[in-house]
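Novice: Questions regarding the structure given below will be posed in turn.
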Amino acid sequence: TAASENEVTGIIGESVLLACDLISSTAIDTARLRFYWQDKSNKVLYSFNKGEENQHQDILYTNRIKAFGAEMSSGNISIKLSQVTLQDNQNTYLAFATLFDENARFLTPSVTVNETNMNVTCSTQGGYPKPTVTWTIHDVLWAQKRTLDPHEVQTNFTLDPESGLYTVWSQVNSTENQTVTCHIFNPVLKETVSNTAVVGLSQSIHTDPTGDVQEGLSAGLIGVIISILITFIFGVIYFVFKYCHGARGGATGASRVATGASGVATGASGVATGASGVATGDSRVATGASRVATGASRVATGASRVATGASRVATGDDEELSILMGSTTSQPQDNGSVDQVDGATVTNANGAAANRAEGVTEPVDDTVNMQLD
Numbered sequence: 003t004a005a006s007e008n009e010v011t012g013i014i015g016e017s018v019l020l021a022c023d024l025i026s027s028t029a030i031d032t033a034r035l036r037f038y039w040q041d042k043s044n045k046v047l048y049s050f051n052k053g054e055e056n057q058h059q060d061i062l063y064t065n066r067i068k069a070f071g072a073e074m075s076s077g078n079i080s081i082k083l084s085q086v087t088l089q090d091n092q093n094t095y096l097a098f099a100t101l102f103d104e105n106a107r108f109l110t111p112s113v114t115v116n117e118t119n120m121n122v123t124c125s126t127q128g129g130y131p132k133p134t135v136t137w138t139i140h141d142v143l144w145a146q147k148r149t150l151d152p153h154e155v156q157t158n159f160t161l162d163p164e165s166g167l168y169t170v171w172s173q174v175n176s177t178e179n180q181t182v183t184c185h186i187f188n189p190v191l192k193e194t195v196s197n198t199a200v201v202g203l204s205q206s207i208h209t210d211p212t213g214d215v216q217e218g219l220s221a222g223l224i225g226v227i228i229s230i231l232i233t234f235i236f237g238v239i240y241f242v243f244k245y246c247h248g249a250r251g252g253a254t255g256a257s258r259v260a261t262g263a264s265g266v267a268t269g270a271s272g273v274a275t276g277a278s279g280v281a282t283g284d285s286r287v288a289t290g291a292s293r294v295a296t297g298a299s300r301v302a303t304g305a306s307r308v309a310t311g312a313s314r315v316a317t318g319d320d321e322e323l324s325i326l327m328g329s330t331t332s333q334p335q336d337n338g339s340v341d342q343v344d345g346a347t348v349t350n351a352n353g354a355a356a357n358r359a360e361g362v363t364e365p366v367d368d369t370v371n372m373q374l375d
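Here this note's numbering is used: the first residue of the sequence shown is 3, the next is one more, and so on.
Dropping the structure here:
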């Protein structure tokens with residue numbers, strides 16, 4: 003308040019009010035307030051220093067001064083002088099007040115994880131004024147980051163009466179596969195100190211010094227791999243069956259093509275299984291990635307066998323193939339042009355008759371059994 007001078011009248015033996023008010027648009031933090039009253043001889047009637055009273059009070063005024071502590075935050079620094087004496091007559095009393103704009107940096111917070119209770123605790127100290135505490139949580143598997151609402155956070159502030167500095171304690175609940183960051187903001191310094199904790203992540207996921215998450219294999223990358231493999235599978239199957247259409251003697255080759263295609267499908271299933279392990283929130287991303295790798299290997303094996311089947315088809319025109327259904331009887335023909343096998347007509351590679359002696363031809367086992375590892 004601006005300096006002003008008022009005359010008051012007192013009665014000997016009674017009390018008199020020495021009034022003074024500070025003008026402030028906001029509540030005054032008494033931890034930053036310092037004021038004192040003194041007389042014209044510089045004797046201190048009353049002193050208030052960040053909560054401490056009468057550190058330098060003169061003995062002349064001991065037990066005679068009362069302040070209004072509950073009203074100081076609203077600017078009332080008046081005092082009441084009791085037991086007025088003749089010595090108090092014609093005296094001048096002055097009030098001096100200072101509002102300190104002090105600040106102190108908070109230490110980098112300590113963040114600890116309790117995986118039994120699934121909560122994360124943040125603590126720091128040594129700062130001033132009272133800070134703002136916020137928490138951010140990054141869900142790694144779903145690539146989602148958000149700031150927690152105040153009702154999701156438990157926070158306590160403690161002011162040390164001796165140092166005038168704050169200690170902060172804050173706690174939030176958490177789940178697996180998260181990175182949790184605690185932020186302490188000093189409103190005077192406009193400064194934030196932070197620290198990050200990792201909750202239940204597999205070794206394939208880690209954080210860098212800034213708290214950002216780096217992942218060995220993301221769900222997006224897995225989706226791209228699956229799309230490429232599916233496109234490749236259908237392309238190979240289309241090419242092989244188109245090539246096989248109309249080829250003679252291609253039964254064995256087509257069988258191998260079908261077996262190879264089955265291997266490709268099995269590989270694709272392995273890829274889908276691996277991707278499912280990641281997409282459904284499997285806490286061990288490394289396991290999902292391993293399944294994807296195994297599925298991709300099976301796709302490669304199946305594709306190789308498709309190629310083998312296609313090669314067999316390509317050489318089918320140069321081989322004499324026999325279709326045997328149960329037991330087959332061949333009868334000689336006059337022109338030797340065709341054989342009748344259980345109602346089916348078979349010609350050899352040169353279009354000439356396949357002449358055989360009478361009797362029963364032994365079945366030929368030309369089946370290739372494939373099993374994907």
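By construction, the Cβ of each residue, glycine as well, lies at the ideal position given by its N, Cα and C atoms.
Determine the DSSP secondary structure at Arg36, reduced to helix, strand or coil.
Specialist: Strand at Arg36.
Novice: Is DSSP giving Gly12 helix, strand or coil here?
Specialist: Looking at Gly12 - three-state DSSP - the assignment turns out to be coil, as it is neither helix nor strand.
Novice: Could you tell me whether the segment 192-201 touches the segment 149-161, where touching means 3 or more Cβ pairs closer than 8 Å?
Specialist: No, the segment 192-201 is not in contact with the segment 149-161.
Novice: Can you name the start and end residues of the beta strand (DSSP E) that Glu117 belongs to?
Specialist: Premise fails: Glu117 is in no beta strand (DSSP E) and is neither H nor E.
Novice: With C-beta atoms as the reference, is Met378 less than 8 Å away from Thr183?
Specialist: With the chain covering 3 to 375 only, the question about residue 378 has no answer from this structure.
Novice: I'd like to check one pair, Leu24 with Lys82: are the Cβ atoms closer than 8 Å?
Specialist: In this structure, Leu24 does not lie closer than 8 Å to Lys82 by Cβ.
Novice: Can you name the start and end residues of the beta strand (DSSP E) that Leu83 belongs to?
Specialist: Counting along the chain, the beta strand (DSSP E) containing Leu83 begins and ends at Ile81 to Leu83.
Novice: Under 8 Å between the Cβ atoms of Val174 and Leu143?
Specialist: Going by C-beta atoms, Val174 is not nearer than 8 Å to Leu143.
Novice: When you compare the CB positions of Asn47 and Ile79, do they come within less than 8 Å of one another, or not?
Specialist: It should be noted that the sequence gives Leu, not Asn, for residue 47. Result no, Cβ atoms of Leu47 and Ile79 do not sit closer than 8 Å.
Novice: Asn65 to Leu191, Cα distance in whole Å?
Specialist: The alpha-carbon atoms of Asn65 and Leu191 are separated by roughly 41 Å.
Novice: Helix, strand or coil, according to DSSP, for Phe98 in the structure here?
Specialist: Strand, per DSSP.
Novice: Are Val201 and Val115 closer than 8 Å when you measure CB to CB?
Specialist: For Val201 and Val115, yes; Cβs fall inside 8 Å.
Novice: Within its chain, find whatever has a CB closer than 7 Å to the CB of Asn51; leave out the 5 residues flanking it on each side and keep chain order.
Specialist: Only Arg36 and Gln57 meet the Cβ criterion.
Novice: Take Tyr130 as the anchor and find which of Gly12, Ile139 and Ala33 has the nearest alpha-carbon.
Specialist: Looking at the Cα atoms, Ala33 is the closest of the given residues.
Novice: Going by Cα to Cα distance, which pick from Thr110, Ile235, Ala145 and Val122 is closest to Asn188?
Specialist: It is Thr110.
Novice: What do you get for Ile186, buried or exposed, if any count of 16 or more other CB atoms within 10 angstroms of its CB means buried?
Specialist: By the neighbour-count rule (16 or more Cβ atoms within 10 Å), Ile186 is buried.
Novice: For Ile235, count the other beta carbons within 10 Å of its own beta carbon; 16 or more makes it buried, fewer makes it exposed. Which is it?
Specialist: By the 10 Å Cβ count, Ile235 comes out buried.
Novice: Report, in whole angstroms, the separation of the C-beta atoms of Ser26 and Gly77, which I expect to be a contact under 8 Å.
Specialist: Between Gly77 and Ser26 the Cβ distance is about 5 Å, and since that is below 8 Å, they are a contact.
Novice: Once DSSP output is grouped into helix, strand and coil, what is the label at Leu88?
Specialist: Looking at Leu88 - three-state DSSP - the assignment turns out to be helix.
Novice: Let me know the beta strand (DSSP E) ranges lying completely inside the segment 135-167, each 3 residues or longer, listed in chain order.
Specialist: With a minimum length of 3 residues, the continuous beta strand (DSSP E) runs that stay inside the segment 135-167 are 146-149 and 156-161.
Novice: Can you tell me whether DSSP reads Ala106 as helix, strand or coil?
Specialist: Note: Ala106 maps to strand in three-state DSSP.
Novice: Pick out whichever of Pro163, Glu117 and Arg107 has its Cα sitting closest to the Cα of Glu55.
Specialist: The residue with the shortest Cα to Cα distance from Glu55 is Pro163.
Novice: Does the separation of the CB atoms of Ser125 and Val86 fall below 8 Å?
Specialist: No, the pair does not count as a contact, with Cβ atoms beyond the cut-off.
Novice: Would a C-beta distance cut-off of 8 Å place Leu167 and Ala106 closer than the cut-off?
Specialist: Result yes, Cβ atoms of Leu167 and Ala106 sit closer than 8 Å.
Novice: Is it true that the CB of Tyr95 sits closer than 8 Å to the CB of Asp60?
Specialist: The answer is no: Cβ separation not under 8 Å.
Novice: Could you check where the beta strand (DSSP E) with Phe50 kicks off and where it finishes?
Specialist: From DSSP, the beta strand (DSSP E) with Phe50 extends over Val46 to Asn51.
Novice: Output yes or no for whether 8 Å exceeds the beta carbon distance between Ala29 and Val113.
Specialist: No. Outside cutoff.
Novice: Any heavy atom of the ligand MG closer than 7 Å to the beta-carbon of Ser76?
Specialist: Among the ligands in the structure shown, none appear at all, so the ligand MG cannot be discussed.
Novice: Assign Gln146 to one of two classes, buried (16 or more other C-beta atoms within 10 Å of its C-beta) or exposed (fewer than that).
Specialist: By the neighbour-count rule (16 or more Cβ atoms within 10 Å), Gln146 is not buried but exposed.
Novice: In angstroms with no decimal places, state the Cα-to-Cα distance between Asn8 and Asn93.
Specialist: Each residue's alpha carbon lies about 12 Å from the other.
Novice: Using a Cβ-Cβ cutoff of less than 6 Å, which residues in the same chain neighbour Ala21 once the five nearest sequence positions on both sides are dropped?
Specialist: These residues qualify, in order along the chain: Ser80.
Novice: Taking the DSSP output, what are the residues bridged to His58?
Specialist: His58 is not bridged to any residue.
Novice: Using only alpha-carbon positions, find the residue among Ser172, Ala69, Ile228 and Glu16 that is nearest to Trp39.
Specialist: Nearest C-alpha to Trp39: Ala69.
Novice: Below 8 Å on the Cβ atoms is my contact criterion, and I expect Leu88 with Ile14 to pass it. Report the Cβ-Cβ distance as a whole number of Å.
Specialist: 7 Å between Cβ atoms; contact.
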